[in-house]
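Asks:
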Amino acid sequence: MKISGMNINNNPLKCGKFANFPQKFAKTFANMDDIGEGTSIALDFAGKALVVPITIMATSKEPKETTEYNALKHPVAGTIQLLIEVPTLFLGRKYIKNAADKGALDKDSNKQYNEKFFKDIFVSELEKSAQSGQKQAETADIISKINKKGLGKKIIYSIENYIEQAPKNAQEGLQKSFLAYKTAHTKLGHLQNRLCFAAAILLTPLICALENKLHPIIMDKLYEKKPAQTTSANEKNTKLQGKPHALKNLSIHNFIKHIKKGGAKQ
Numbered sequence: 003m004k005i006s007g008m009n010i011n012n013n014p015l016k017c018g019k020f021a022n023f024p025q026k027f028a029k030t031f032a033n034m035d036d037i038g039e040g041t042s043i044a045l046d047f048a049g050k051a052l053v054v055p056i057t058i059m060a061t062s063k064e065p066k067e068t069t070e071y072n073a074l075k076h077p078v079a080g081t082i083q084l085l086i087e088v089p090t091l092f093l094g095r096k097y098i099k100n101a102a103d104k105g106a107l108d109k110d111s112n113k114q115y116n117e118k119f120f121k122d123i124f125v126s127e128l129e130k131s132a133q134s135g136q137k138q139a140e141t142a143d144i145i146s147k148i149n150k151k152g153l154g155k156k157i158i159y160s161i162e163n164y165i166e167q168a169p170k171n172a173q174e175g176l177q178k179s180f181l182a183y184k185t186a187h188t189k190l191g192h193l194q195n196r197l198c199f200a201a202a203i204l205l206t207p208l209i210c211a212l213e214n215k216l217h218p219i220i221m222d223k224l225y226e227k228k229p230a231q232t233t234s235a236n237e238k239n240t241k242l243q244g245k246p247h248a249l250k251n252l253s254i255h256n257f258i259k260h261i262k263k264g265g266a267k268q
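Residue numbering for the sequence shown follows the numbering used here, beginning at 3 and increasing consecutively.
1. Cα separation between PHE120 and HIS76?
2. So, for TYR225: in the same chain, excluding its five sequence neighbours on each side, which residues have a beta-carbon less than 8 Å away from its beta-carbon?
3. Restricting to Cα atoms, I'd like to know which of SER62, TYR71, GLN83, PRO65 is closest to GLY49.
4. Have a look at the DSSP bridge pairing and note the partners of LYS109.
5. Relative to the C-alpha of ILE209, which candidate in LEU85, ASN195, LYS113 has its C-alpha closest?
6. Taking ALA73 as the reference, give the member of ALA51, GLU213, LYS223 with the closest Cα.
7. Taking the alpha carbon of ILE98 as the point to measure from, which residue in PRO218, PHE124, LEU197 has its own alpha carbon closest?
8. Would you decide whether VAL53 is buried or exposed? Buried here means 16 or more other CB atoms lie within 10 Å of its CB.
9. Is GLU166 helix, strand or coil when you go by DSSP?
10. Let's test the definition: count the other Cβ atoms within 10 Å of the Cβ of GLN1 and tell me whether it reaches 16, buried, or not, exposed.
11. Please go through the same chain and pick out, in chain order, the residues whose beta-carbon is closer than 8 Å to the beta-carbon of GLY94, but skip the five residues on each side of it.
12. Report all residues from its chain with a CB closer than 7 Å to the CB of MET221; omit the five preceding and five following residues, and keep chain order.
13. Can you tell me which of LYS155, THR185, THR57 puts its alpha carbon nearest to the alpha carbon of PHE124?
14. Output needed for THR141: all residues of its chain with C-beta closer than 6 Å, excluding positions within five of it in sequence on either side, in chain order.
15. With a CB to CB cut of under 8 Å and the five nearest residues on each side skipped, what residues in its chain are close to TYR183?
16. Leaving aside the five residues before and after GLU87 along the sequence, list all residues of the same chain whose C-beta is less than 6 Å from its C-beta, in chain order.
17. Take ILE148 as the anchor and find which of ASP46, GLU166, PHE180 has the nearest alpha-carbon.
18. Would you mind stating whether ILE144 and SER160 have Cβ atoms separated by less than 8 Å?
19. On the DSSP letters alone, give me the boundaries of the alpha helix (DSSP H) that LEU84 sits inside.
20. What is the C-beta distance between ALA102 and LEU190, in whole angstroms, given that I count them as a contact (C-beta under 8 Å)?
21. Are the CB atoms of THR90 and LEU205 nearer to each other than 8 Å?
22. Just the C-alpha distance for LYS113 and LYS151, rounded to the nearest angstrom, thanks.
23. Among residues of its own chain, excluding the 5 on either side of HIS187, which ones have a beta-carbon nearer than 7 Å to its beta-carbon?
24. Tell me whether ASN214 counts as near the ligand HEM, meaning its Cβ is closer than 7 Å to at least one heavy atom of that ligand.
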């Protein structure tokens, strides 16, 4: 808004310490690698283990014991899901990648999922393009990162920047081989996600069965002390019923009352 030649900023996100918040927030997510099925499972677990129980406890109008029983069912379910789905996701993705790298998913000359095949071609082109000592060091650094971390977003940016600064006679070969490598990497990732998601669906009956079996056991363990305390109190009352009337009425209040009566008679 502009008043008398002055610009007034009415947006609170662009004032003070919030000035660069949207840009920083977007940049943080843009630079994060491997946001996929694993992150989804982690967020789902956080919701089940924290958000859902808190919501139930805060809004339920049922008795305390019933509310706690229903609320704590969700952390149990989330933990079981986490313990089953995370290893399935990790081992499943690893198995599919190893099979693709060995050519088990190739169909004749169609190697669309064979990431290793296209990676080796690209690495060969990288080594050819390295002429000076500086370029050789930069090439070795890129190859080392690819071998250790795979083709993440940060490495992709580094490679694209490297190709732009490469000699003209090497750019075409680098761009072509990198595009094939990146395409195979993307297709393999989609295949891994689809197959692991299907495996997670197939495991749903097992997760539900374990949840129904373990949840009552866990809740019985948590509440086993309360009935014990109630029983001991009942046992004391039962024992007192067999004692003389004076013993049953023995209390500080009755004792003080008795003293006052004695003083009044004197």
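Just so you know, even glycine gets a beta-carbon here, dropped at the ideal spot from N, CA and C. As the structure is a computational prediction, the values presented were derived from the model and not from experiment.
Replies: According to the structure data:
1. Using only the alpha carbons, I get a separation of about 45 Å.
2. Same-chain partners within the cutoff: GLU67.
3. Between GLY49 and the set SER62, TYR71, GLN83, PRO65, the nearest pair of CA atoms involves GLN83.
4. DSSP lists ASN112 as partners of LYS109.
5. ILE209 has its Cα closest to that of LEU85, out of LEU85, ASN195, LYS113.
6. Measuring from the Cα of ALA73, the nearest candidate turns out to be ALA51.
7. Comparing Cα-Cα distances from ILE98 to each of PRO218, PHE124, LEU197, the minimum goes to LEU197.
8. Burial state of VAL53 is exposed, judged by a 10 Å Cβ sphere holding fewer than 16 other Cβ atoms.
9. Annotated three-state conformation of GLU166 is helix, per DSSP.
10. Since the first residue of the chain shown is 3 and the last is 268, residue 1 is not available in this structure.
11. Cβ neighbours of GLY94 beyond the five flanking positions: GLN194, LEU197, CYS198, ALA201.
12. So the list reads TYR71, LEU74, once near-sequence residues are dropped.
13. Its Cα nearest to that of PHE124, the residue THR185 stands out among LYS155, THR185, THR57.
14. Result list for THR141: LEU128, ALA132, in chain order.
15. So the list reads GLU117, PHE120, LYS121, ILE123, PHE124, LEU153, once near-sequence residues are dropped.
16. Here GLU87 has ILE43, ALA202 as same chain residues with Cβ atoms under 6 Å from its own Cβ, once five neighbours each way along the sequence are excluded.
17. If we check each option's Cα against that of ILE148, PHE180 comes out closest.
18. Yes; because the gap between Cβ atoms is below 8 Å, this pair is in contact.
19. Bounds of the alpha helix (DSSP H) holding LEU84 are 75 to 103.
20. Rounded, the Cβ-Cβ distance is 6 Å, consistent with contact.
21. In this structure, the beta-carbon distance from THR90 to LEU205 falls below 8 Å.
22. If you take the alpha carbons of LYS113 and LYS151, they lie about 22 Å apart.
23. Cβ within range, chain order: GLU117, LEU153.
24. In the structure shown, the ligand HEM is absent, as is every other ligand, since no ligand is present at all.
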